[in-house]
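If you want our numbering, it's the position in the sequence shown, counting the first as 1, plus 140.
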Amino acid sequence: MTGTQADIRHPRPSQLPASGAVRAESAKPPPFNAFRRFVRGFLARPSGVAGVAILFAFAVLALVAPAFIGPAQLDVTKVSGPLLAPPSAHYLLGTDESGRSVLALAIWGARASLSVGVIATALTVILGSTIGLLAGHYQGWLGAVLMHVTDWFIALPSLPLAISLSAVLGQGSASITIAIAVTSWTSTARLVRAQTLAVEARPFVERARALGASNSQIVVRQVLPNVMPLILVSSTLTVASAILSEATLTFLGLGDPTSVSWGSMLDSAFSRGAVTAEAWWYLLTPGVAILIVVLGFTLTGRAVEHVLNPRMVK
């Protein structure tokens, strides 16, 4: 018997994988392995890491803001700073028309802007994903009605509709959140419907249907896990547009006048004479904050999309 034949029939110990490595690899469940591959692929994209770092920094600032910003620093009746003062050692980003620190207002405004953007995105994704899944799975009269409703909302101009809803519901963060969700779910619904149709054409869904799986079981166990990556990417990118919509509606005076947000800062700067007084720091700070946060969500969403869809051009 030659050496090659002996190696084929009886592999050498060095050719066999270590038993401990086999046990460790087999002990890890498939979801853990998929998550580890996702993290490894995400960390390999510097733009995505930069986006997460930006979002993490703003989230930490928003969470710890009450620890170093008190109500007296935001109350126009209690502050005593100079009016529309330029940046200095005491006021790093200057002051507003009431003598409040623009830096404190920007940090505090992140709480309202981020919360409205995240909550509106959650409502948008839930509504759009539900309609998309139902329209893709039930392709009869129910799917046709849902898609006609979706097309009707797409035909309506989103900004005037959001303004009308906010005006009808009244000023406040809740009305803006509802208005954003009602006018932003259509793109998610169409994407999820298209992906649902593609998934249900695969053999494993036909096999599950042949084995007697109900409609709810097919949607929850077969379709939803395969559509979830698309929903994750869509939600990440939707937050950016939701924050822009919140700033737009608040800038138009539809937000809570007693709440501080980046949109309300822009509204106050334009309506209280910051432009004529050449107080560029009052206008630039909230605008740059919105730009950076939107950039962070966009970079994160694009990185997630590249990792979950390897066929995209890198």
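Note that beta-carbon positions come from the ideal geometry of N, C-alpha and C, so glycine has one too.
These figures come from a predicted structure and were not determined experimentally.
>> Taking 8 Å as the threshold (beta carbon to beta carbon), is residue 239 in contact with chain D?
In response: The structure shown contains no chain D, having only a single protein chain.
> Taking the runs of the alpha helix (DSSP H) that are 4 residues or longer, which of them lie wholly in the stretch 317 to 362?
Replying inline: Whole alpha helix (DSSP H) segments, 4+ residues: 343 to 350.
>> Contact between the stretch 291 to 308 and the stretch 249 to 268 is defined here as three or more beta-carbon pairs at a separation below 8 Å; is this criterion met?
In response: Contact fails: fewer than three Cβ-Cβ distances are below 8 Å.
> Using DSSP with H/G/I as helix, E/B as strand and the rest coil, what is residue 241?
Replying inline: Strand, per DSSP.
> In chain order, what residues of the same chain have a beta carbon less than 8 Å from the beta carbon of residue 205, not counting five sequence neighbours either side?
Replying inline: Correct list, in chain order: 247, 248, 250, 251.
>> Would residue 434 and residue 198 be called neighbours here (beta carbons separated by less than 8 Å)?
In response: Not closer than 8 Å, so no.
> Assuming residue 305 and residue 318 make a contact with CB atoms under 8 Å, what is their CB distance in whole Å?
Replying inline: Confirmed, Cβ separation roughly 7 Å.
>> By the three-class DSSP mapping on this structure, what secondary structure does residue 217 have?
In response: Residue 217 falls in the coil class under three-state DSSP.
> Measuring CA to CA, which of 194, 361, 369, 326 is closest to residue 263?
Replying inline: Of the residues 194, 361, 369, 326, the one whose Cα lies closest to the Cα of residue 263 is 326.
> Do the CB positions of residue 346 and residue 277 come within less than 8 Å of each other?
Replying inline: Against a cut-off of 8 Å, the Cβ pair of residue 277 and residue 346 comes out as no contact.
> What are the boundary residues of the alpha helix (DSSP H) that residue 300 is part of?
Replying inline: Per DSSP, residue 300 belongs to the alpha helix (DSSP H) from 298 to 309.
> Is residue 235 helix, strand or coil by DSSP?
Replying inline: Here residue 235 sits in strand by DSSP.
> Going by alpha carbons, who is nearest to residue 320 out of 367, 385, 330?
Replying inline: If we check each option's Cα against that of residue 320, 385 comes out closest.
>> For residue 374, which residues in the same chain have their Cβ closer than 7 Å to its Cβ, ignoring the five residues on either side in sequence?
In response: For residue 374, same chain residues with a beta-carbon under 7 Å away, outside a window of 5 residues either side, are 265, 328, 331 in chain order.
>> Taking the alpha-carbon of residue 224 as reference, which of 218, 234, 355 has the nearest alpha-carbon?
In response: Among 218, 234, 355, the Cα nearest to that of residue 224 is on 234.
> For residue 367, which option in 336, 403, 186 has the closest C-alpha, if you only look at C-alpha atoms?
Replying inline: When each option's Cα is compared against that of residue 367, the closest is 336.
> In chain order, what residues of the same chain lie with their CB nearer than 8 Å to the CB of residue 243, ignoring the 5 residues before and after it?
Replying inline: Same-chain partners within the cutoff: 231, 232, 233, 425.
> Three-state secondary structure (DSSP) at residue 278?
Replying inline: Here residue 278 sits in coil by DSSP.
> Cα separation between residue 430 and residue 173?
Replying inline: Rounded to the nearest whole angstrom, the C-alpha separation of residue 430 and residue 173 is 36 Å.
> So which of 393, 355, 446, 316 has the shortest CA-CA distance to residue 279?
Replying inline: For residue 279, the nearest C-alpha among the options comes from 355.
>> Using only CA atoms, which one of 180, 195, 175 lies nearest to residue 380?
In response: Per the Cα distances, 195.
>> Under DSSP, the alpha helix (DSSP H) around residue 403 begins and ends at which residues?
In response: Start and end: 402 to 411.
> With burial defined as no fewer than 16 other Cβ atoms inside 10 Å of the residue's Cβ, what is the status of residue 229: buried or exposed?
Replying inline: It is exposed - the Cβ of residue 229 has fewer than 16 other Cβ atoms within 10 Å.
> Counting along the chain, where does the alpha helix (DSSP H) carrying residue 445 start and finish?
Replying inline: Counting along the chain, residue 445 sits inside the alpha helix (DSSP H) bounded by residues 420 to 448.
>> Could you compute how far the alpha carbon of residue 220 sits from the alpha carbon of residue 176?
In response: Cα to Cα, the separation comes out at about 53 Å.
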